[in-house]
Structures are given as C-alpha cells and as structure tokens.
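*Asks:* First, the structure itself, so that you have it in front of you.
Numbering (this note's numbering), first residue to last: 5 to 764.
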C-alpha cells in the first residue's frame, strides 16, 4: 500500500447529526479523513450538516447509504492503542466492505452500544464475536436482496469488495444499490446469521495502518483541550492538597485583578466514598489558560485537611509490613502449607514492597462543557463516556437523556480517564458560569490529584525438601483496595486477588495465600495492568530467589514451579472460582502450556543459555493477565559511571487471535517502556496527606537514553479466543529488570522503584 499524500485526502464532516440522522444513537462527532484503500475519522467540530437518513441501518454500528458509503461506529475510545484502526476493520471484513468506502465515526456515550468503557484490555476480547455479528447481519440482509433480484438462493451469492456477487454468473450488485431494499427487510436474529470462515477476514492479524496517524502528525487531530466553542472560557481549579479536604476560607482579590480572569467558583467538597466526585476547591475562570493559571497562582486559600491529613506513605509502608507479619483472610488453600513448611529441609522467606503510582498520561485530563436550556453537552478525553454521562447527569440533577458526551482523541489514559471526575468539574463550572467552559488540568494537577495505584506489601515463604524441590508456598498480601474508592473496603476484592494470586498456576503440593487488611488514605484507582503489577513483581522475584537458593537456573526453576503443560482448574488452584477478567473459565482456562511456551520462546530469542559465556546479565519473568500470556527477558549493563542501564529487552506474548498486529507490537513495546519507568523510578510519596511529587522532574519516567537500544517483540500465532493486549505486557517487566540487576550485581531488589536500591 502506497503512502498517501495530502492530495489524496478528502474531508467529510459529521457530528451528533450523523448518528441521530442515521437513527443510531445520540451523537458521534467527526472530522473525517478518508484515505485511499482505508478509512479514517477523527473528532470533532461542533456545528455540522446532517447526513441523509436513507439506507440500511441494521444495528447501531453499521449504516449503508445508497451512494455506497458504509459508516461504521467505533464505540470505544482511541488513546493510541489503535482501537479505531481495528474494530471498524473487523466489522468491515465480516461485511465484505472496501475500506476505501468506509467512514469511521466516533460514538458518543450511550447504553445502546453496550459496554463502552475502554479499560481492562477488553475492546477486542469481550466483543470480538459481537462486532463480527454486527457486520455479518448487514451482509446477510444485502445478500438476501441480491438473491431475490436474481432469483437465486442466497447460498449462491457472496459479499466482498463492497458488492454482492453471484458465484455462477458473476453478476454484481454494489452495496449502495441494495441498501434501500435491504432496509425494508426484518433484521434477522443472531442464530440466523452465519459468520465467515476466518480465512475470509482478509485484514485479520495484519499490520493495519493507524487511521488517525495522518491527523496526528499534521496537527489536525482533536484532543480534549483542542475543542473550541463560541464564547468559551477556560477554567483551572485549586483543589484540596489532601483527598477529602475542603476549603476553610479563600480570598480571590488578587485573582480577580489578573487580566483575563472573569470569576471564581467554589465547588462542593468531596464526601466519602470518593467515587467519581470532583475533589472540590475553587475554580478560576478566565478568557484563556494562561490567565486562569496566573489567577490560580495568587488565589489565597486556607485548607482543612480532613481525615487523611495525617497520611505519611513512609510510615504507612511500615504499617503494611507489620500487617503481613500476621495472619489474614485465607483466599486460596491447597493441602497444608504450614505443616509442610514446618517439615521442610530449608525455608526461604522474603518481603516485597511497591509504592503508590500515578498514571501520568501525556495529555492531562480535559473536558469542555456547555449547559443550557436544561441540557448539557460535553466534549471529553474520556475512556468511559457512559460513566461520564451518568455522573454529569447526577451532579446537575438532569435525566441522563439530557446529557450528551462526545469523545475526543485521548493522549494516553492508562485507566485514569475512565474516572470522570474532571468531566463533572467542567459541567459544574459551566453551569455556574452560564457559558461554555474548558476545564483544564495541568501536569501538576494530574500528578497531585490522581486516583493512585495502590501501594502494597507482600510476604512470601517457601519450603524446600532435601533435594531442593519446592514443596510449600505461603503468601500474604496487603494493599489498600480499589473498592475503598467506592465503599468502606479494607480487603482486596476478588477481582484484584484474581490478578496473579487466585489464578497463579503452581505445581506445589501445599499452598496458602492470605488477603490482609489495609485502609486507604487517598483515592485508589486502577492503573494499566492493575494489581498484576505488584503480584507479578513479588512472585516472579521470589521464584528467582528460590533459583538462587537452590543453585539452579532461574528459567528451569520457573518452569518447574509452574509444572507440566496442563489446564489448571479452580479446584486445582484451591479456590471456589477464578474471576478470570469477566470471561468464562471454560473459554479462557488457566493453561500452563501457553505460559511455558512464552517462557521457552523468550529465553530462546534472548540466547538465555549463552549468557554466562558472553558475560551478559539477563533477568526473566512471566505472567498471565487479562487472558494473555507474556514473558520478558531484560538485559542490563553498567556504564562508565557504574550506573545500571537497560541494554536490551525481549517480550513474547500469546494473546490468542490478533486483530491488528501492528498495534499489538506497538502496545508490547510501549509496555516495556511503561514497565521500566515504573520499575526504575515510579513512586508517589505522601506527607501530611499531600502528594510530594508534582511533575516529571520528580515523578520520573524512563527517558530515551534509559530505554533499551532494542526491544524485540514476538507474538505467537494463534486461532484461540482473543486475550487482552494493552495491559498484559506490563507486569513481567519490573521483576525481569530486578532479576537482571541481581544477575549483574548480586544485589537483590525487593522494593520498587530500583532507584532506592541501586545506582541508576
């Protein structure tokens, strides 16, 4: 496929009237660019012409117009993972559409689409078949009309290349010629629709182009902060430094004297549980961002700290370590771990600690809101437009039908933007001001007022027999749970325990795992790969320690502890049920053959067996998360100043069926860099309840010179059911890095980030 030039680009405009006029759902904004042989759509102007209603609308995802243009709605949010370049192509392949005649429209927040939350690595794995049926249903109806016109059986016809063909005579009818008559048919039930053989999905598993790429590189792409409405003002908020704090008093005299500042608006204080409420504080509303920020800088505010004002993360770390020294709730039990430990020839014990983490996406949160005539219209960089819609409706006292949420492109998300507190802020300020408002978070706002990834402590102990075989495993885990943000929860939920604890396959006869109590003192939220981060770090680091104690190869020890290739049942695991990321365990079982395969493959690619001869320090880790199996090898070296540097990395994934190989590779590469950032530097600390860090100068990310000179990505081919992609690459990275550091220096890393232990 040739690279398109600017002369190839033609522009189509659409917005809420696109889907409304099509009879789909309320909204879908788009500045749509259609490139040769591929479709493209990017949000977002605000007043655009209606689209004709004629044509076939069999479901909310697909519309076929009489002129042959096929409009496909992408109902998930695009944040660089390529969802808009993948889901519509899957539908188009099943339909038989030519992407050169496809428009991709971004869906607004609406329950008609089903789940829209672009989170949990679920955009493909949960709806793969559903999206295929959306395309297949339209295909079935078009074929039925063609067959009737030709007076032949539908089985004699096939839909491909944007037309229906009669196999015997090669008569052809274009989709547009069939659309109006097909619209008169009754939509067939799912059981009457047949999916294509996968061999006919011509783009499945291919390296597909990033459809928003041209707009992004030419500056045409529209993100949350790019939306401009007539009469719009900009607001920034001075928020309580402590979660749960409130304004005691404030003086806005100096603020209102700043040129461009229009007014200040006090927001209601957040109440526990925090849910998706704004944190409260004082909004400074101005003609532009600079004036708003200057006005906030001179705002005089006295804060009441509230219950969390005593929170000190260093002291809390010690509390967690004390907690895991005592028994907790047993969540997994096989045999008699305590008895086996007592009889063991040798006992190995270690504790591991990870800090709070911030999401820190490239684009801080932003939203534009307009409230008038009993309605609210929002443009937001959101991962979860349905939650944004319901939360805005609740805050404004409106019926959700009166709220429209348009989704812009997201400059990263990592789970932060599925929590719509900032969208609610925009709506509240817009209502108070009586004009459209762009609510902008700065980098400092984002780092200091996040829904933080939880801090954790884990204690692991294993028993070895006289031959060095691992015969007992005892693990205690403590971390403030995500549930604390939504209720008075102090124990981790099954979903969190199901991310590397309840589903961890171990070929060990006696296992006991305990969930220990921990109370949250800030907002806790999910971050890319969630609890898998600290579970994988502890487990994979500990297995490497066991290898050292046994005097055996870490890879061989890992494979031995995992055991032979087999399907591991909940009974084998010693649990009543495996949460399994919301998918049936029968469809996505815990399969050690797949885990062993990625381990063997990544160590083969990295020449693991040759490392000693070549003087290379390699670390290995592997983990199953979001129904995908990933193994990572990291190579580390010392530079001239004795600093640890990551030299090279290998990552192998078995994610089942792949839709868009190019984006899968990119996600795995990004996961390595993301995981290295967390492992090397990631730490949010709190003093007197407030976040100490403020920006990338003190919440460090891995910089170009600190990333591997090469990241090798290998994806195992599979026809299995799709697993997750965006998150599974992250968990093995930090433990592989820590294990490599031990191999190089002999220093064991049991606490993240590594900068606290070694010279990086």
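Every residue gets a Cβ at the ideal spot worked out from N, C-alpha and C, and that includes glycine. Quick caveat: nothing in here was measured; it's all calculated off a predicted structure.
1) Which residue or residues does DSSP assign as beta-bridge partners of residue 690?
2) How long is the line joining the alpha carbons of residue 555 and residue 613, rounded to whole angstroms?
3) Between residue 688 and residue 456, how many whole angstroms is the CB-CB distance? I'm expecting something under 8 angstroms.
4) Can residue 4 and residue 406 be called in contact, C-beta distance under 9 angstroms?
5) The ligand HEM heavy atoms versus the CB of residue 579: any closer than 8 angstroms?
6) Should residue 18 be labelled buried (16 or more other beta-carbon atoms within 10 Å of its own) or exposed?
7) Looking at the strands, I want to know which residues DSSP matches up with residue 333.
8) For residue 84, is the classification buried or exposed, using 16 other Cβ atoms within 10 angstroms of its Cβ as the cut-off for buried?
9) Over what stretch of residues does the alpha helix (DSSP H) that includes residue 81 continue unbroken?
10) Bridge partners of residue 68, per DSSP?
11) Restricting to Cα atoms, I'd like to know which of 542, 589 and 208 is closest to residue 353.
12) Please state the DSSP three-state secondary structure of residue 299.
13) Taking the alpha carbon of residue 564 as the reference point, which residue from 362, 575, 511 and 588 has its own alpha carbon closest?
14) Determine the closest residue to residue 142 out of 608, 153, 187 and 311, with distance taken between C-alpha atoms.
15) Relative to the C-alpha of residue 475, which candidate in 465, 483 and 484 has its C-alpha closest?
16) Taking 9 angstroms as the cut-off, decide whether the C-beta atoms of residue 189 and residue 139 are in contact.
17) Is residue 97 helix, strand or coil when you go by DSSP?
18) By Cβ distance, which residues of its chain are closer than 6 angstroms to residue 243, with the 5 residues on each side in sequence left out?
19) So, helix, strand or coil for residue 617, using DSSP?
20) DSSP has residue 724 in a bridge; who is on the other side?
21) Just the C-alpha distance for residue 394 and residue 201, rounded to the nearest angstrom, thanks.
22) Could you please give the first and the last residue of the uninterrupted alpha helix (DSSP H) stretch that includes residue 778?
23) In its own chain, which residues sit with a C-beta less than 6 angstroms from the C-beta of residue 562, not counting the 5 before and 5 after it?
24) Looking at the strands, I want to know which residues DSSP matches up with residue 4.
25) Give the DSSP bridge partners of residue 356, in chain order.
26) Rounding to the nearest angstrom, what Cα-Cα distance links residue 1 and residue 652 in this structure?
27) Report the rounded CA-to-CA distance for residue 294 versus residue 620, giving the unit in angstroms.
28) My output table needs one value for residue 406: the three-state DSSP class, helix, strand or coil.
29) Which residues in the same chain have their Cβ closer than 8 angstroms to the Cβ of residue 198, if we skip the five residues on either side of it in sequence?
30) Among 491, 618 and 611, which residue has its Cα nearest to the Cα of residue 624?
31) When the distance is taken between beta carbons, is residue 630 closer than 9 angstroms to residue 124?
32) Check for me: the alpha helix (DSSP H) holding residue 219 runs from which residue to which?
33) Using DSSP with H/G/I as helix, E/B as strand and the rest coil, what is residue 530?
34) Below 8 angstroms on the Cβ atoms is my guess for residue 327 versus residue 448; work out the distance and round it to an integer in Å.
35) Look up residue 579 in the DSSP assignment and say whether it is helix, strand or coil.
36) I'd like to check one pair, residue 241 with residue 300: are the Cβ atoms closer than 9 angstroms?
*Replies:* Quick answer:
1) Translated into positions along the chain shown, residue 690 becomes position 686. Looking at the DSSP assignment, residue 690 forms a beta bridge with 695.
2) In the chain shown, the residue the question calls residue 555 occupies position 551. In the chain shown, the residue the question calls residue 613 occupies position 609. Rounded to the nearest whole angstrom, the CA to CA distance from residue 555 to residue 613 is 15 angstroms.
3) The count along the chain shown starts at 1 and reaches residue 688 at position 684. The count along the chain shown starts at 1 and reaches residue 456 at position 452. Rounded, the Cβ-Cβ distance is 6 angstroms, consistent with contact.
4) Not covered by the structure: residue 4. The range shown for the chain is 5 to 764.
5) Because no ligand of any kind appears in the structure shown, any question about the ligand HEM cannot be addressed here.
6) Within the chain shown, residue 18 is the residue found at index 14, counting from 1. Residue confidence is low: residue 18 scores 33 on pLDDT, short of 50, so the model does not pin down where it sits. No coordinate-derived value is stated.
7) Numbered from its first residue, the chain shown carries residue 333 at position 329. DSSP, once it has assigned bridges, lists 519 as partnering residue 333.
8) To locate residue 84, count along the chain shown from 1; it is residue 80. Its Cβ being crowded by 16 or more others within 10 Å, residue 84 is buried.
9) Within the chain shown, the letter at position 77 stands for residue 81. That residue, residue 81, is in no alpha helix (DSSP H); it is neither H nor E in DSSP.
10) The residue you call residue 68 lines up with position 64 of the chain shown. 60 and 74.
11) Residue 353 sits at position 349 when you count from the first residue of the chain shown. Just measuring C-alpha positions, the residue of 542, 589 and 208 sitting nearest residue 353 is 542.
12) By 1-based counting over the chain shown, the position of residue 299 is 295. Reduced to three states, the DSSP call for residue 299 is helix.
13) What you label residue 564 is simply residue 560 of the chain shown in a count that begins at 1. Comparing Cα-Cα distances from residue 564 to each of 362, 575, 511 and 588, the minimum goes to 511.
14) If you number the chain shown from 1, residue 142 lands on position 138. Answer by Cα proximity: 187.
15) The sequence position of residue 475 within the chain shown is 471, counting from 1. The shortest C-alpha separation from residue 475 is found at 465.
16) To locate residue 189, count along the chain shown from 1; it is residue 185. To locate residue 139, count along the chain shown from 1; it is residue 135. It is not a contact, given that the beta carbons lie outside the stated cut-off.
17) In the chain shown, counting from the first residue as 1, residue 97 sits at position 93. Residue 97 carries a helical assignment under DSSP once its states are collapsed to helix, strand and coil.
18) Taking the chain shown and counting its residues from 1, the one referred to as residue 243 is at position 239. Hits under 6 angstroms: 283, 285 and 453.
19) On the chain shown, position 613 is the one that residue 617 refers to. Look at residue 617 here: in three-state DSSP terms it is helix.
20) Counting from one through the chain shown, the residue named residue 724 turns up at place 720. None, per the DSSP bridge assignment.
21) On the chain shown, residue 394 is found 390 positions in, with the first residue counted as 1. On the chain shown, residue 201 is found 197 positions in, with the first residue counted as 1. Approximately 40 angstroms between the Cα atoms of the pair.
22) Since the displayed the chain opens at 5 and closes at 764, residue 778 lies outside it and no answer follows.
23) For this step, residue 562 is matched to residue 558 along the chain shown. 547, listed in sequence order.
24) Residue 4 lies beyond the stretch modelled for the chain, which goes from 5 to 764, so this question has no answer here.
25) As a working note, residue 356 is residue 352 in the chain shown. Note: residue 356 sits in a beta bridge opposite 462.
26) Outside the shown range of the chain, which is 5 to 764, sits residue 1, and nothing can be said about it.
27) Translated into the one-based positions of the chain shown, residue 294 becomes position 290. Translated into the one-based positions of the chain shown, residue 620 becomes position 616. Going by the C-alpha atoms only, they are around 51 angstroms apart.
28) Position 402 of the chain shown, counted from the first residue, corresponds to residue 406. In the three-state DSSP reduction, residue 406 falls in the helix class (H, G or I).
29) Locating residue 198 in the chain shown gives position 194, counting from the first residue. The answer, listed in chain order, is 140 and 144.
30) Residue numbering aside, residue 624 sits at position 620 when the chain shown is read from its first letter. When only C-alpha atoms are compared, the closest one is 611.
31) Indexing the chain shown from 1 puts residue 124 at position 120. Indexing the chain shown from 1 puts residue 630 at position 626. Contact: yes.
32) Position 215 of the chain shown, counted from the first residue, corresponds to residue 219. For residue 219, the enclosing alpha helix (DSSP H) stretches over residues 217-222.
33) Numbered from 1 along the chain shown, position 526 holds the residue referred to as residue 530. Coil, per DSSP.
34) For the purposes of this step, residue 327 is taken as the residue at position 323 of the chain shown. For the purposes of this step, residue 448 is taken as the residue at position 444 of the chain shown. Wrong, their Cβ atoms sit about 32 angstroms apart, outside the cutoff.
35) By 1-based counting over the chain shown, the position of residue 579 is 575. In the structure shown, the three-state DSSP call for residue 579 is coil.
36) Position 296 of the chain shown, counting from 1, holds the residue named residue 300. Position 237 of the chain shown, counting from 1, holds the residue named residue 241. Yes, Cβ-Cβ distance for residue 300 and residue 241 is below 9 angstroms.
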